[in-house]
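Single-structure report; data block below.
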Amino acid sequence: MPSTNPILEIFAEHEVRHFSAGEVIMAEGARSGRILVLIEGAIEVAKGDVRIDYVTEPGAVFGEIAALLSIGHSADVRAAADSRLFVIEDPRQFLVEHPEFHLHVSELLARRVNNLVGYLGDVKRQYEGHDHLGMVDQVLESLILRQPRTRKVNPLPPEEM
Numbered sequence: 003m004p005s006t007n008p009i010l011e012i013f014a015e016h017e018v019r020h021f022s023a024g025e026v027i028m029a030e031g032a033r034s035g036r037i038l039v040l041i042e043g044a045i046e047v048a049k050g051d052v053r054i055d056y057v058t059e060p061g062a063v064f065g066e067i068a069a070l071l072s073i074g075h076s077a078d079v080r081a082a083a084d085s086r087l088f089v090i091e092d093p094r095q096f097l098v099e100h101p102e103f104h105l106h107v108s109e110l111l112a113r114r115v116n117n118l119v120g121y122l123g124d125v126k127r128q129y130e131g132h133d134h135l136g137m138v139d140q141v142l143e144s145l146i147l148r149q150p151r152t153r154k155v156n157p158l159p160p161e162e163m
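The following block contains the structure:
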């Protein structure tokens with residue numbers, strides 16, 4: 003399959019799902035346990051009534067945070083146009099078996115964190131000196147400096163170990 007993103011080549015044997023325009027792919031709060039990778043189409047990510055992102059880039063990844071942390075999806079993901087996506091049903095095992103995709107997801111998450119830190123810094127500068135936003139300053143500071151608790155990370159869920 004010719005593509006503009008070489009990362010798509012590693013999914014040749016995976017299920018492809020077709021979604022019609024307007025169809026919900028992942029619902030906010032739901033736990034699908036899957037990661038989906040855009041082949042073609044347009045995807046909208048929304049938190050409540052607020053559109054967070056509009057994605058058309060082949061190789062874009064959806065559901066990785068919820069799958070990796072075993073939590074519900076943090077936003078709705080829906081097809082903005084007819085779209086095709088690869089479905090990864092067992093993301094942890096897939097990441098272990100495909101380090102190139104593991105690196106792809108790691109870089110994606112690192113870019114998001116970098117953008118978030120820049121955004122939070124801008125917000126802090128914008129509202130500096132406003133006493134009524136003192137609590138916001140504390141929250142932003144804790145988000146910027148927050149480190150995850152140290153724990154042993156297993157590539158597979160406990161039931162598969």
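When you read off a place in the sequence shown, starting at 1, and then add 2, the result is the number in the working numbering.
C-beta: ideal position from N, C-alpha, C; glycine also.
- Query: Is it buried or exposed for Arg36, if we count other Cβ within 10 angstroms and need 16 for buried?
  - Reply: With 16 or more other Cβ atoms inside 10 Å of its own Cβ, Arg36 counts as buried.
- Message: Could you give the first and the last residue of the continuous beta strand (DSSP E) run that contains Phe103?
- Response: Where Phe103 is concerned, there is no enclosing beta strand (DSSP E), although the alpha helix (DSSP H) around it starts and stops at Pro101 to Gln128.
- Item | Classification of Ile90 by the beta-carbon crowding that lies within 10 angstroms, buried from 16 upward | Ile90 should be labelled buried.
- Message: For the segment 61-73 against the segment 119-130, do three or more pairs of beta-carbon atoms, one drawn from each stretch, fall closer than 8 Å, so that the two count as touching?
- Response: At 8 Å Cβ cutoff, the stretches do not touch.
- Task: Please name the residue in Phe13, Val39, Glu17 and Ala82 whose C-alpha comes closest to that of Val47.
- Result: For Val47, the nearest C-alpha among the options comes from Ala82.
- Query: Mind pulling the alpha helix (DSSP H) runs of 4 or more residues that sit fully within the segment 33-75?
  - Reply: The qualifying runs are 66-71.
- Query: Alpha carbon to alpha carbon, how far is Arg53 from Asp78?
  - Reply: Rounded to whole angstroms, Arg53 to Asp78 spans 9 Å at the Cα level.
- Anyone know if the C-beta pair for Pro76 and Leu40 falls short of 8 Å? Here the sequence assigns Ser to residue 76, which means Pro is not the residue at that position. The Cβ atoms of Ser76 and Leu40 do not sit closer than 8 Å to each other.
- If you drop the 5 nearest sequence neighbours on each side, which residues of the same chain put their C-beta closer than 7 Å to that of Ala69? For Ala69, where only same-chain residues beyond five positions count, the Cβ hits under 7 Å are Gly35, Arg36, Ile37 and Pro93.
- Item | Gly43 classed as buried or exposed, judged by whether at least 16 other C-beta atoms fall within 10 angstroms | It counts as buried.
- Give me the Cα-Cα distance between Ala14 and Glu30, rounded to the nearest whole angstrom. Distance between the alpha carbons of Ala14 and Glu30 is about 28 Å.
- Task: Output the distance between the C-alpha atoms of Phe21 and Gly120, rounded to the nearest integer angstrom.
- Result: Their backbone Cα atoms lie some 34 Å apart in a straight line.
- Query: By the 10 Å Cβ neighbour count, where 16 or more other Cβ atoms means buried, how is Arg80 classified, buried or exposed?
  - Reply: Answer is buried; the Cβ neighbour count reaches 16.
- Message: For Glu17, count the other beta carbons within 10 Å of its own beta carbon; 16 or more makes it buried, fewer makes it exposed. Which is it?
- Response: Counting of Cβ neighbours within 10 angstroms places Glu17 among the exposed residues, the total staying below 16.
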